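See structure below.
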């Protein structure tokens, strides 16, 4: 029997004992040896979350589905943390008469009991994943609510500095030449230009985004919606004042939000992104 050996570790798990790729590889190769299985290939997704199926090696593995007989993982949560994705995968395996094995869970999916146990364990894994997500959300919300910036220094809430700004030892600083571009984006939109035409103008002027890519309508919209350019940082519904150089006034920012919102036909899809105008 040929085994597709799948290894995965997310960025957060890379330092956790027992979750390293080397540890997974060693255990699974020993497992194949004990079962008398031939290792068809080892598929390794390094730094990818189990909540998404958009993983390069996961995709390659299923493109080669016809070439192997059993999918082997260390634990169920190495392959999926979402029960719907996991069950869809199991359906795909069953249609091709492929087996699934989890070394540390001692599961055999060829019988009804094994399938039931897989379902229950995956539900528990999904619950744990959702609880981690909730704790992260509430932790960031509390951090945002308790953050107080001063005129001497303004810190971010853990995110990377957007276009127009940089970080110096965690302190938000302005990048004047980029803020000048931001001002032009707001001015052109207030003057009636479309997001697409603004992006076209910037690209013709050989201006690039912070990542070195051409501008597009999505980049422009992100800039126009970001309150950081008017003196605020946002975490969900929490606004935190910052004291780095601003690109536009609160009034200009709010007028842009009104203009964008007015173009959305369905009132239910309109979001209130305005900020206080008295700083």
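Numbering (full-length UniProt numbering), first residue to last: 1 to 279. For every residue, glycine included, the Cβ atom is placed at its ideal position computed from N, Cα and C. Quick caveat, the model's predicted, so the values are computed rather than measured.
Among the candidates the options, whose CA atom is the shortest distance from the CA of residue i?
i, options, result
"residue 49", "71, 37, 245, 10", "10"
"residue 2", "29, 266, 22, 23", "29"
"residue 84", "210, 120, 193, 213", "120"
"residue 234", "268, 213, 272, 267", "272"
"residue 43", "32, 58, 33", "58"
"residue 22", "74, 256, 178", "74"
"residue 64", "188, 230, 107, 5", "5"
"residue 97", "202, 68, 36", "68"
Give the range of the beta strand (DSSP E) segment to which residue i is assigned.
i, result
"residue 224", "Run containing residue 224: none in the beta strand (DSSP E); it sits in the alpha helix (DSSP H), 217-225."
"residue 2", "2-9"
"residue 99", "99-102"
"residue 270", "Counting along the chain, residue 270 falls outside any beta strand (DSSP E), and DSSP gives it neither H nor E."
"residue 173", "171-174"
Can you say whether residue i is buried or exposed, counting buried as having 16 or more other CB atoms within 10 angstroms of its CB?
i, result
"residue 90", "buried"
"residue 76", "buried"
"residue 246", "buried"
"residue 209", "buried"
"residue 47", "exposed"
Which residue marks the beginning of the alpha helix (DSSP H) containing residue i, and which one marks its end?
i, result
"residue 297", "A question about residue 297 goes unanswered here, because the residues of the chain that appear run from 1 up to 279."
"residue 167", "Premise fails: residue 167 lies in the beta strand (DSSP E), 165-168, not in any alpha helix (DSSP H)."
Under the DSSP definition of a beta bridge, which residues are partnered with residue i?
i, result
"residue 65", "Its beta-bridge partners do not exist; DSSP assigns none."
"residue 87", "Note: residue 87 sits in no beta bridge, so no partner."
Within a Cβ cutoff of 8 Å, which residues of the same chain sit near residue i, ignoring the five residues on either side of it in sequence?
i, result
"residue 204", "none"
Among the residues of its own chain, which have a CB less than 6 Å from the CB of residue i, if the five just before and after it don't count?
i, result
"residue 277", "250, 251"
"residue 254", "274"
Between residue i and the rest of its own chain, which residues show a CB-CB distance below 7 Å, the 5 nearest in sequence each way excluded?
i, result
"residue 188", "198"
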